[in-house]
Structure formats: structure tokens, C-alpha cells
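When we follow the UniProt record's numbering, the leftmost residue of the sequence shown carries the number 1, and every step to the right adds one. A virtual CB, placed ideally from N, CA and C, is assigned to each residue, including glycine.
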Amino acid sequence: MKLEVLLWASVALANPLRLDINIHVDEQKSSCATEETQPLTTNLPVVELLYEKHRASPPQVFNQSFYNFSNIPYAQQPIGNLRFKAAKSIEPIQGELPMNDGQKCVVCPQSQVGWVPHAQDFLKDYYEFNKNLDQKWSYKITPKDNYTWTENIDAVQNMDEACLTLDVMVPKRIYDKRDDWAGYPAPVMVWFFGGGYVFGSKHLFGGPAGLFNASNQLEDIDEQDFIFVAVNYRLGAFGWLAGDSFEKAGGFENAGLTDQNVALDWVKENIAFFGGNPYDITVVGESAGASSILQHLAAYGGPRAGRNKPPPKFKRAILQSPALSPVSDRGRMENVYQSFLKEVGVKDFDALQKADTKDLIRANSKTTYESPYGQFNYGPVIDEDYIKYPIHLQLKYGFMWPADIMVSYNRAEGLLFTPPWVRSRAELKDYILSAYPHFLDEEMNTLLDSVYPYDAILSAVEAVNATSQVLSDFVVKSNVYGLTQHYRYSAFEYKFNFFPGIHGQDANWTFGPTGDKNVNKEQRERFQRYLTSYIKWGDPNTAKLSEDKDFEFYSDGQKHMQFGIAFLAPGVPVAPALSTFYGMLPDTLNDTTCNFWLNAPYWDPDKDSPENSVNLRTKYEDQMSQAHVEI
Numbered sequence: 001m002k003l004e005v006l007l008w009a010s011v012a013l014a015n016p017l018r019l020d021i022n023i024h025v026d027e028q029k030s031s032c033a034t035e036e037t038q039p040l041t042t043n044l045p046v047v048e049l050l051y052e053k054h055r056a057s058p059p060q061v062f063n064q065s066f067y068n069f070s071n072i073p074y075a076q077q078p079i080g081n082l083r084f085k086a087a088k089s090i091e092p093i094q095g096e097l098p099m100n101d102g103q104k105c106v107v108c109p110q111s112q113v114g115w116v117p118h119a120q121d122f123l124k125d126y127y128e129f130n131k132n133l134d135q136k137w138s139y140k141i142t143p144k145d146n147y148t149w150t151e152n153i154d155a156v157q158n159m160d161e162a163c164l165t166l167d168v169m170v171p172k173r174i175y176d177k178r179d180d181w182a183g184y185p186a187p188v189m190v191w192f193f194g195g196g197y198v199f200g201s202k203h204l205f206g207g208p209a210g211l212f213n214a215s216n217q218l219e220d221i222d223e224q225d226f227i228f229v230a231v232n233y234r235l236g237a238f239g240w241l242a243g244d245s246f247e248k249a250g251g252f253e254n255a256g257l258t259d260q261n262v263a264l265d266w267v268k269e270n271i272a273f274f275g276g277n278p279y280d281i282t283v284v285g286e287s288a289g290a291s292s293i294l295q296h297l298a299a300y301g302g303p304r305a306g307r308n309k310p311p312p313k314f315k316r317a318i319l320q321s322p323a324l325s326p327v328s329d330r331g332r333m334e335n336v337y338q339s340f341l342k343e344v345g346v347k348d349f350d351a352l353q354k355a356d357t358k359d360l361i362r363a364n365s366k367t368t369y370e371s372p373y374g375q376f377n378y379g380p381v382i383d384e385d386y387i388k389y390p391i392h393l394q395l396k397y398g399f400m401w402p403a404d405i406m407v408s409y410n411r412a413e414g415l416l417f418t419p420p421w422v423r424s425r426a427e428l429k430d431y432i433l434s435a436y437p438h439f440l441d442e443e444m445n446t447l448l449d450s451v452y453p454y455d456a457i458l459s460a461v462e463a464v465n466a467t468s469q470v471l472s473d474f475v476v477k478s479n480v481y482g483l484t485q486h487y488r489y490s491a492f493e494y495k496f497n498f499f500p501g502i503h504g505q506d507a508n509w510t511f512g513p514t515g516d517k518n519v520n521k522e523q524r525e526r527f528q529r530y531l532t533s534y535i536k537w538g539d540p541n542t543a544k545l546s547e548d549k550d551f552e553f554y555s556d557g558q559k560h561m562q563f564g565i566a567f568l569a570p571g572v573p574v575a576p577a578l579s580t581f582y583g584m585l586p587d588t589l590n591d592t593t594c595n596f597w598l599n600a601p602y603w604d605p606d607k608d609s610p611e612n613s614v615n616l617r618t619k620y621e622d623q624m625s626q627a628h629v630e631i
């Protein structure tokens, strides 16, 4: 089974009534270079780091004029005593430095999620555009009854715990002039992939060739290239184990975020060797990659709560569909940790650190695969240090670090996560409480009675749409709304409205696979030019063509750039007129529903926090509200 990108990649229509959730595993595999696919050349450039020499891969392999410095270790590998710990920088080596030719490519241990194939099948049925759905979708889908893990589940190739590596892709003309550009080094894009914090890798979409091409189409300004950096970070149990027992025994919660921070440290310290500017870094992420960036913007509770803490290590950010279903229930974290120990066959953390890798990979596969429908057993948690409060409350009260941002969402963000059997008030309440057992009673009543009232006469499809709207707002759109409200004077927003408009669809447009006939090349390049202009200049308009439309700040009338003006049905050509497929429109995010989620109604700190005290929610909100007034 093709798995890593099954959920978070692009969506293509194979024919008018068959939905193909397209994935690019071939691209991911091909980027794991071997000596057969990337012949070594003796005169290729070599960069000398403090701990190794690194030789580039030949640019002609990619049919592009850029060097790929592949698979550079950026941190001490998380094995032995560093397993389940915070990432650490690599120590310098004295004496002769080893040579790394970048030919060993690995991905972090990961697994598919068992409910995703069911979501695929459901979407194919849903997009028949009938009022009714197959009767099978009215029954609950659970790991116990529908997708129990077995040893026969396909594994991802090239998995290795020693996976903290990154790629640096440098246009040849930047690298060749790096010593001459002391006053004009190149901007840097750092890419964090998505995948629900449980699967994916740095080469998920094949590389930046499309972005590089789109960024060099102007003749009337001093065109500038940029450097692309893609980062691996730990996934599943390896990067996101949590729970009171885990923490007390010495485990480090949110270890995957420390991987990303150490990678950013590496970029700041080393990118000048490649011709890059360490002070002009734009982080870009999609889905889990975007919500990781969101957590970095909120690190330590922001500048007010995080006095004497370092700010984020980037200048600006592009957050594409920042999807985050907050894991706030400490009891659930503990249950997952205990299940993981059991599957590994050990009883405590010390034994876990010494366990065989294959046993850990197997346990991670099972506990990831058997995640509840629409959810993931692993992800960021409130640790009262780096993640101090629920992200929704930090957005509400402005506990965020300064930055310039571009943020986006798709038309139907929640549909992939929507359990198709949830079609009534009672079923919605049960589903929410299964994930958030401490959801505040008064807020639950508000949700069901006024924020998302269900109509008892809804058809099956209409009921699914209603549930999808709840999850859309909760998981993605409330984050987008909170970001634009806080950063409104330095924010750009876009909405991706092409059919079918589901989560992750715009990632195909970002990287531009040449073989996808469902993506219009001219439209994609126009979309990419806005992104690359923002990466290089901090303004999506600086490097646009004369016929391109102005991309306005969100604060200019609370408007966003919409790609796909009309939501076209299957079989209709994708926006046939190049000049009319996009434009600035009023933001469609709902103030009422998004503000409901910004109250973090799912979080009861008296029960969800490791701190044992009373009235914590009131205490925290009072602190944040007072600081917000001071700002």
C-alpha cells in the first residue's frame, strides 16, 4: 500500500466521478539517492562544516542548475541515551574531517494510519454528489472492528532512527558567487513537511525545482534566487511520546519540536557556507509542518510569558493549512505511553531506551495505525514549558512572538477527518467527548445549541457536511483566523478553492509535479510566484508579473487571495480563463465559530494539566488577559 502521503498530499480527479487521492511516493523514493542514480563527480563542490566535509550531488541529475547537498546530519542522532530526549547540536570534530557524499538517505520511523483507507473510500462515495450515502457509512469505524494492525502492514523503506538529516538545495549561481556576495547573500526557505506528526519526510514532494523555475521569470527587477532547505524530524512515538510516567522517568515531551529548532540553529550557523543569509529565513510548512510553525510562534507562551527565552529563529513564515487537533487529555497520553511500552515488551523508560530498534518500530506502527478515526495518537502536547498554554488561548490573547506571516486554508479542510457516521447532536457530542473527555459542559451546550445547531431533517450528505464544518473550524480554520487577527497588519491570507478543496490539496501547487494533468501549469506558476516573491522579498507582489493581480494585506478590508473563484464540479475545466481563476475577495472565515474555538473549550487544566492545583483555567486566563491589556 502506498502510505506516507496517503492523507496529506494532493487530490486529483481521475474522471468526473472517481476521486483519486494522489500520492507521490515515487518522488519520495527516488530522492533517496544511490550511487547508481547519482554518479559521483570528482569536481563537485565540497562544503566544510565543523564536523564533516559534504560533497554536493551533480545538478544535472535533477535537470536543474542547482546543487543538492543531500542528507546532511544536523543534530546528534537520537539513539542510545538520546532516544526520546531533546535534540542536541553536533559537536565540532578536531583533526581530519570525514567526507559525506550524501548518498545514504533515510526516513524517520513512521507508519500509516488505519482509518485513512476508509476515509479514501468514503470520499469517493461522497463525491458522487448524491443526497444519500451507502448504508455502510452509517456504522461506526473503529480500530477494534475495522482496522486492527497486523504484521502484514506494508512498511516504509529506508527507516532508521538516525534520521535527523536535512537537504540544502542551492542554485548554482548562488553557490558559485557565495564568496563575492558578502553584502548580498541569498534568502533561505526552510521546509517542514506535513503528515499528522506520524508520517512523511523531507523529500515528500520531490524538491524545489518548480519553485526555483517560478522565481526566475522577471526581467525588469534585479532577480534574486533563494536557497531551499528541507528537514527530517522525528515522528510518532519517537518524537511525540508524552504522559506523566514518561516525563517523570526522564522522557522529553515534544521532542520533535526540538528537532526543528536544532535544524533552524544549524541553518543560522551554516547556511552562509552555501551562500545563504542566516538573517533572512522563511519557514514554510503544510498541515503538521504548518502547525509546528504555529507552536514555534507561540513558544514559551510568547514574549510576555517567555521572558528571557529565545524568540523564533526565523524572519517570516508561510503556514499552509495549520492543522492541529490539540492533545490535551493527560490520561490519553498516559494510555498511549503504556500501550507503547506493552507493545515493545518492556516495563519502564530505562528499558525502552535500550530496546531493539525493530521492536520500537513495530510498536510505533501498531499504536499509530490504531489511532481513532480522524485523529492521531501522537502530536504536540501542553508541556508547560515550550507549549505553555493551548494554542487557541495564546492566539486569543496575543501571546505570540512577532513575525511576518502568510497563512492559508482549503475550502473543505475538515472532510478528511470527518467520521461519516456522526450525523446528529448526540453522535457529535459522543465523538467530541471521546477525544476530549474534559470538554467543558457549558461550552458543549453552547456548541450544540447555538454555534453548530443540527437540523434533524438533514440528509446523510448534509449531516456529514455539518460535522465536517465543526472539524474544519476546530482543526484548521480557527488557527488561521486567530493568526490573521493577531498578525493582521503583517499578514497575507489565501484560500484554495479548487475542487474538491480538501486538506493538503495546495501542496501539489506549491511544488508543482510536472506529471499532474489536473494542475494547470500557468495557474500553478502564478501561484508559485506569489510564494517565492514572499520568500525572497517579504512581499508576494515584488516579483510578480505585470499581469498578475495585487496580493493585498489581510488588513486591507479583511480580504484574502482566493485561488479558484468558483467551486467547480467534477468534469468542469479548472478555471479556463487564466485571468479570472483568482482574485482578492472578502475573508469567509466565520467570526462566531472561530472565536468559539479560540476559547479552548476542550481544555480543563484542573484535569488536563500536570500541575495539581485548582481553578487553573481561571488563573491562566486572568494572567493572559492582564498581559494582553498591557500589550
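Between residue 200 and residue 194, the CB-CB gap stays under 8 angstroms. Per DSSP, reduced to three states, the secondary structure at residue 148 is coil, with no helix or strand assignment. Ranked by how close their Cα comes to the Cα of residue 407, the residues 394, 323, 138 have 323 in first place.
Nearest C-alpha to residue 106 among 77, 394, 271: 77.
Here residue 55 has 44, 46, 101 as same chain residues with Cβ atoms under 6 angstroms from its own Cβ, once five neighbours each way along the sequence are excluded. Residue pairing by DSSP puts residue 72 in a beta bridge opposite 166.
Distance from residue 229 to residue 190 at the Cβ level is roughly 5 angstroms; contact confirmed, criterion being Cβ atoms closer than 8 angstroms. If you compare the alpha carbons of 348, 413, 87 with that of residue 497, the shortest gap goes to 413. If you look at residue 213, you'll find it isn't in any beta strand (DSSP E); it sits in the alpha helix (DSSP H) that goes 209-214.
Straight-line spacing of the CA atoms in residue 185 and residue 275 works out to 6 angstroms.
Residues of the same chain with a CB within less than 6 angstroms of the CB of residue 461, apart from the 5 flanking positions on each side, are 131 in chain order.
Apart from sequence neighbours up to five positions away, the residues of its chain that approach residue 238 with a beta-carbon distance below 6 angstroms are 109, ordered along the chain.
If you keep only unbroken beta strand (DSSP E) runs of at least 3 residues inside the stretch 449-512, you get 491-496. Here residue 319 is bridged, per DSSP, to 285, 407.
Counting only the Cα atoms, residue 187 lies some 5 angstroms from residue 277. Per DSSP, the unbroken beta strand (DSSP E) holding residue 560 starts and ends at 559-563. In the three-state reduction of the DSSP assignment, residue 583 falls in the strand class, which pools E and B. If you draw a straight line from the Cα of residue 396 to the Cα of residue 252, it comes to about 28 angstroms. Taking 8 angstroms as the cut-off, the beta carbon of residue 409 is found no closer than this to the beta carbon of residue 291.
Contact between residue 288 and residue 196 holds: CB atoms are separated by about 6 angstroms, below the 8 angstroms threshold. In the structure shown, residue 237 falls within a helical segment according to DSSP collapsed to helix, strand and coil. Bridge pairing for residue 384: absent [DSSP]. Here residue 544 really is in contact with residue 530; their C-beta atoms are around 7 angstroms apart, less than 8 angstroms. As the crow flies, the alpha-carbon of residue 150 is around 8 angstroms from that of residue 366.
A buried status is given to residue 270, since no fewer than 16 other beta-carbon atoms sit within 10 Å of its beta-carbon. Bounds of any alpha helix (DSSP H) do not take in residue 327, whose DSSP letter is neither H nor E.
Apart from the 5 residues on each side of it in sequence, residue 439 sits with its Cβ closer than 7 angstroms to the Cβ of 432, 433, 601, 602 in its chain, given in chain order. By the neighbour-count criterion, in which a residue is buried when 16 or more other Cβ atoms sit within 10 angstroms of its Cβ, residue 593 is buried. Per DSSP, the continuous beta strand (DSSP E) segment holding residue 48 begins and ends at 46-48.
In terms of CA proximity to residue 362, 112 leads the group 73, 112, 75. With distances taken between CA atoms, residue 445 lies nearest to 425 out of 457, 458, 425.
Counting C-beta pairs with one atom in each stretch, the stretch 332-350 and the stretch 478-491 have fewer than three that are closer than 8 angstroms, which means they do not touch.
Here the alpha carbons of residue 499 and residue 472 stand approximately 16 angstroms from one another. The beta carbons of residue 286 and residue 512 sit no closer together than 8 angstroms. Exposed is the label assigned to residue 248, since fewer than 16 other Cβ atoms lie within 10 Å of its Cβ.
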